Amino acid sequence: MMKKMLLSGVALALVGTFLPTPALAQRRTTRAARPVATAEPPAISTSSAERQILPLKRVVLYSNGVAYFERRGTVTGRAEIALDFKQSQIDDVLKSMLVLDLGKGRIESVSYNTSLPAEARLDEIPFSVDAAEPAGLAAILKKLQGARVAVTGATKSVTGAVLTVEDRPAEESDGESSTEKAGKLTRRLVISGDDGELASFDLSDIRSLKVIDGDTRRDIKMFTEAKSAERRRESKTIIVASEGTGPRELVVSYTIAAPIWKTSYRVVLDKAGKPFFQGWAIVDNVSEEDWNGVALSLVSGDPTSFIQPLQQPMFKYREEKALPEGVHLTPQRLSLLGENSNAGMVGGMPGGVPGGVPGGRPGGVAGGYGDAAPPPPPDAPLESGFAGTSIADLGEAMRTGDAGVNTAAEGMEAGDLFEYRVGQPVTVARNRSALIPIVQKEMTGERVSLYDGKSGGERPRNGFFVENTSGLTLEAGPLTVIDGDAYGGEGELERLKPKEKRFIGFGTDLATKVTKKNERTKDPVALVRVKNGRFETIYVVNDRTTFTIANQTDRPRTLFLDFPMRDKWQFTDDVPKPESVEDGTARFRIELAPREVKTVPVTMKLKLADAYELANLTTRDLELFVNRNYLDEPSRKLFDRIFEIRTRRDDAGIRALQADEEIRTIETDQKRLRENITALGGKVEAKQLIMRYVAKADAQESQLEQMRWDAKKARAEQVAAQAELDAFIRTIAFERPLK
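What follows is the structure, given as structure tokens:
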């Protein structure tokens, strides 16, 4: 036990006796593989006597996940303000911090402990103690070879340099067997004294050991500081130093990540269906600091916010050039960049994801207003103030202001945002949440049912229409409805701007049943139109949806029927005008008496046309048009003219084809004659036959000339007839309404 206490005391002495001086710091030029500081920065005192804490005075919570904090306080003379933050908050603070001295002072400096990763800092320190290695003074002294120390033992004191720590077998003591002695060692520190004498100390006999070498003492302190920073990596302290005379006000503000503030609503519907809104804001203080009497504001909107890693030191990669041949120096060592790194930024983000929500567990209901003391506990259990009454009385109490809940916030425009500014100071303990009333107002609206004609089903949605007449922008949030004398259901309110109207559903209307039936009909042709060479018959297609709506209660009901519109379709004249048409949906208002069953037909129509090309009409088509009274006598004559021209065109085409066929027959026969003449050669006995073949071929040549002339003439007549037909068709244009 005594030995352990001695080792601990010596280890503490190694750290505690290190007091760096500028002279010692400058003597480190003999070290080659680490950076050398030629001057020490002024130390920042951490004593609570010299530093002050600025009280938190204002908090602004935004719905995009950030919060604005403002601290104010009076300082005198030189002041150092300490602000503690989590590692994940520093990037936001460095981006947004605003520091003001409102007196005659000036801001001297704003500083914080470096964010260089502890692992990177340890790489630059020659001295280290690995937790995985055997602990103890011997292990530490082995790493201090060459360092000058002052050692005081049981019988002597020596000042010199550490040579080594040797292990010797332990001497056998009285009563100790050889088996017990086996494996036991004694450790001795060997010192080279300043007078040249070598001295040896049993570690168990050392009473004190002091490191004299300044560089070594500095290394030990740097190592302990780096290890301490590694252990406390979540902690960051920003020091704001202000220099001045006399009392003056100092202001520090910044923006950091924070839980978004939330809203929830309670809506009481009276007998007439008018909604009374009560809205509560839910704020969470997940910081390590109580909010005591702060001015609180809640901002609705989505301003742009982002995270940028500003706290960690950044190093730009530099190319490493080879030394000239023959020069042997220690090469540049850039351990911070890694083995194969070409990146321009060093290290990761110590302490977690920047900008994340700081620790703590939100929950519970806490908080209050101002500095008022909490009410004393009651002497006896409280009785309900609504005994023997219905829940509807609660809604009346809310409307008349007898509920004991008044809005604590005043709403106002803040640029493109909307701000709820709480009128009284708010207190929320750390890791607690609070509910703050922000809306207490009767709105314009009515209880209704809403049926979606697209999705169908038998039951509409139960809900109410509301117009935001509060003058406030209502943030999105859940909504609980008290309908009449009972819990009615729950809904969800999307962000609602002033004067904006919306239907809010909170359940299924089991008291109203809707059935629907669809049918499609086609009206007779109403118009015949000829234009641009097309014959069109125009008619109307009707889609009729019949809704049968049954009110199954003894109370009158109002139902809104949402009917989906379709492109180019229109309502027929017998459909009543919808109350509104928005986003492709027509909304019809339907009033139902008690137990009434009402049939509501909704018919949409679409004009269609069947088209025929005039040039391709057949006699069968013409007969159909005549039978259906699409054509009158003048128009019939026009179509007869079309058929007459088409007949001439087609006849000319047939003649041309017949002439082509005869030409091909003659040419085939002439080929046969030439082949026969060639086969007979100059034989005398074949002379008569050859003359016969020649005479026939001569006659066919005259016939070929006539056929070619007939084919050419027929094609010319065909082309002329087609041109005449095209020109005539272009002149035809008329419309004929049909009864």
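Residue numbers for the sequence shown, in my numbering: -15 to 723.
We put the CB at the ideal spot given by N, CA and C, even for glycine.
None of the values given here were measured: they were computed from a predicted structure.
For Phe261, the secondary structure class from DSSP, reduced to helix, strand or coil, is strand. For Ala145, no alpha helix (DSSP H) encloses it; the enclosing beta strand (DSSP E) starts and ends at 141 to 153.
Taking a C-beta distance under 8 Å as the contact criterion, Glu442 and Val498 qualify as a contact pair. Across the set Ala242, Glu685, Ser72, the C-alpha of Ser72 shows the shortest separation from the C-alpha of Pro293.
Check the Cα spacing between Gly472 and each of Thr457, Ala460, Asn446: the tightest is with Asn446. If you draw a straight line from the Cα of Val94 to the Cα of Met206, it comes to about 23 Å. In the three-state reduction of the DSSP assignment, Gly228 falls in the coil class, being assigned neither a helical nor a strand state. Here Ala679 carries a helix assignment [DSSP, helix/strand/coil]. Around the CB of Arg550, fewer than 16 other CB atoms lie within 10 Å, so the residue is classed as exposed. In this structure, the straight-line span from the alpha carbon of Asp286 to that of Thr221 is close to 30 Å.
Between Lys126 and Val149, the CB-CB gap stays under 8 Å. At the C-beta level, Arg232 and Val59 come within 8 Å of one another. Contact annotation, Ser289 with Asn48: C-beta distance approximately 6 Å; criterion of less than 8 Å satisfied. Excluding the 5 residues flanking it on each side, Ala138 has same chain C-beta neighbours closer than 7 Å at Asp189, Arg191, in chain order. At least 8 Å separates the beta-carbon of Arg518 from that of Tyr614. Judged by DSSP in its simplified three-state form, Trp275 adopts strand.
Setting aside the 5 residues that flank it on each side, Arg431 is surrounded in the same chain by Leu253, Gly257, Phe448, each with a C-beta closer than 6 Å to its C-beta; the list follows chain order.
Thr602 and Asp635 have their alpha carbons spaced roughly 16 Å apart. Collapsing the DSSP output to three states places Thr453 in coil. Distance from the CA atom of Arg720 to the CA atom of Glu575, rounded to whole angstroms, is 44 Å. Cα atoms of Trp275 and Leu40: separation of roughly 7 Å, rounded to the nearest angstrom. Annotated as distal: Val251 and Leu434, with beta-carbon spacing of 8 Å or more. Closest in alpha carbon position to Thr587, among Leu622, Leu543, Val524, Ile266, is Val524. Annotated as distal: Gln554 and Thr496, with beta-carbon spacing of 8 Å or more. Note that the stretch 637 to 656 does not touch the stretch 605 to 624; fewer than 3 beta-carbon pairs, one per stretch, sit closer than 8 Å.
If you check the CB distance, Lys481 and Pro548 do not come in under 8 Å. Between Gly87 and Pro259, the CB-CB gap reaches or exceeds 8 Å. If you look at Val610, you'll find it isn't in any beta strand (DSSP E); it sits in the alpha helix (DSSP H) that goes 603 to 611. By alpha-carbon distance to Asn502, the top candidate from Ala510, Thr532, Arg486 is Thr532.
Residue range 617 to 664 is occupied by the alpha helix (DSSP H) that includes Thr649.
If you draw a straight line from the Cα of Asp558 to the Cα of Arg632, it is about 53 Å long. A direct Cα-Cα distance of roughly 30 Å separates Arg612 from Ala705. Burial check for Val703: the Cβ neighbour count within 10 Å stays below 16, so the residue is exposed. Boundaries of the alpha helix (DSSP H) around Asp76: 74 to 80. By the CB criterion at 8 Å, Gln36 and Glu54 fall outside the cutoff. In this structure, DSSP gives Lys126 a helical state, which the three-state scheme calls helix.
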